[in-house]
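Remarks on the structure that follows.
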Amino acid sequence: MNKNAQTDAPIVNTLAVRWSPYVFSAEPVAATDLNSLFEAARWAPSSYNEQPWRYIVGQKGRDDVHARILSCLAEGNQPWAADAPVLVLGVVMRRFSANGQPNKAAEHDLGLASANLVLEATVRKLHVHQMIGLDPEAARTAFSIPEEAEAFTALAIGHRDRSAGGDPGLREREAKPRNRRPTDEFVFGSRFGVPAEF
Numbered sequence: 016m017n018k019n020a021q022t023d024a025p026i027v028n029t030l031a032v033r034w035s036p037y038v039f040s041a042e043p044v045a046a047t048d049l050n051s052l053f054e055a056a057r058w059a060p061s062s063y064n065e066q067p068w069r070y071i072v073g074q075k076g077r078d079d080v081h082a083r084i085l086s087c088l089a090e091g092n093q094p095w096a097a098d099a100p101v102l103v104l105g106v107v108m109r110r111f112s113a114n115g116q117p118n119k120a121a122e123h124d125l126g127l128a129s130a131n132l133v134l135e136a137t138v139r140k141l142h143v144h145q146m147i148g149l150d151p152e153a154a155r156t157a158f159s160i161p162e163e164a165e166a167f168t169a170l171a172i173g174h175r176d177r178s179a180g181g182d183p184g185l186r187e188r189e190a191k192p193r194n195r196r197p198t199d200e201f202v203f204g205s206r207f208g209v210p211a212e213f
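Be aware that the sequence shown starts at 16, since it is given in the working numbering, and climbs by one per residue.
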């Protein structure tokens, strides 16, 4: 199955081949790969270099962390995410450490770190499926997350199951063509809604 993006302008191939599967194989993710994924996240840019991201990582079959993360996910995500060998909670720190003031860029910066992680995973022939569907309070209880932090996203990481097996409904979702709105619908020039000209 070819899921490569059909781009309107040339982009780095890593971006074009990245996509989010629903069916993961049981093959574990190597520790060297996991280390590199989080090293990539580490080097993401952030406002005032605050680095307001934290990650909680569960590896299937290692201890109960994977199962505890799974229990915090939205009901619709649990059946397919259960098969991913690695589950991660992306936690955002909402205040600047230096002065305790609210960090308006915190969620944005968590997204940048996770984007770095996703691109590193893609280069390593891994797949990541990001989720917003989770219960932050369940995660707070399960992992003793402090009040100034919040579990904001989750990530399923692993190898795509290339067999013909798995849930037919999930396979159907995976087979849908990728699409994005054209750039003239979100890149503006003279005023909001007016496409920029290059």
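Glycine included, every Cβ here is placed at the ideal spot set by N, Cα and C.
Taking the alpha-carbon positions, what's the residue i to residue j distance?
i	j	result
arginine 33	histidine 174	13 Å
aspartate 78	cysteine 87	16 Å
glutamine 93	leucine 149	10 Å
glutamate 163	arginine 110	7 Å
glutamine 21	arginine 193	8 Å
phenylalanine 39	isoleucine 172	8 Å
arginine 196	glycine 180	32 Å
leucine 19	isoleucine 71	The sequence as given places asparagine at residue 19; leucine does not occur at that position. The alpha-carbon atoms of asparagine 19 and isoleucine 71 are separated by roughly 30 Å.
glycine 184	alanine 190	10 Å
alanine 211	valine 80	47 Å
phenylalanine 207	phenylalanine 158	42 Å
aspartate 124	valine 133	14 Å
glutamate 187	glycine 91	16 Å
aspartate 98	alanine 154	19 Å
glycine 73	proline 43	12 Å
Taking 9 Å as the cut-off, decide whether the C-beta atoms of residue i and residue j are in contact.
i	j	result
alanine 120	proline 67	yes
histidine 144	alanine 82	no
glycine 105	alanine 166	yes
glutamate 152	methionine 108	no
threonine 29	threonine 137	yes
leucine 170	leucine 85	no
alanine 41	proline 100	yes
asparagine 118	serine 62	yes
arginine 177	aspartate 48	no
alanine 59	alanine 128	yes
serine 35	histidine 142	yes
Pick helix, strand or coil for residue i, following the three-state DSSP scheme.
i	result
alanine 130	helix
glutamate 165	strand
arginine 177	coil
tryptophan 68	strand
phenylalanine 158	helix
arginine 188	helix
phenylalanine 53	helix
glutamine 21	coil
proline 210	strand
Quick check: is the beta carbon of residue i nearer than 9 Å to any beta carbon in chain D?
i	result
alanine 82	Any reference to chain D falls outside this structure, which holds one protein chain only.
From the DSSP secondary-structure annotation, give me the bridge partner or partners of residue i.
i	result
isoleucine 172	Val101, Val143
leucine 88	Leu149
arginine 110	Pro117
glutamine 74	Val101
phenylalanine 201	Answer by DSSP bridge pairing: none, since phenylalanine 201 is not bridged.
Would you mind sorting residue i into buried or exposed? The rule is 16 or more other CB atoms within 10 Å of its CB.
i	result
methionine 146	buried
valine 202	exposed
tyrosine 37	buried
glutamate 135	buried
asparagine 131	buried
lysine 75	buried
serine 205	exposed
glycine 115	exposed
threonine 156	exposed
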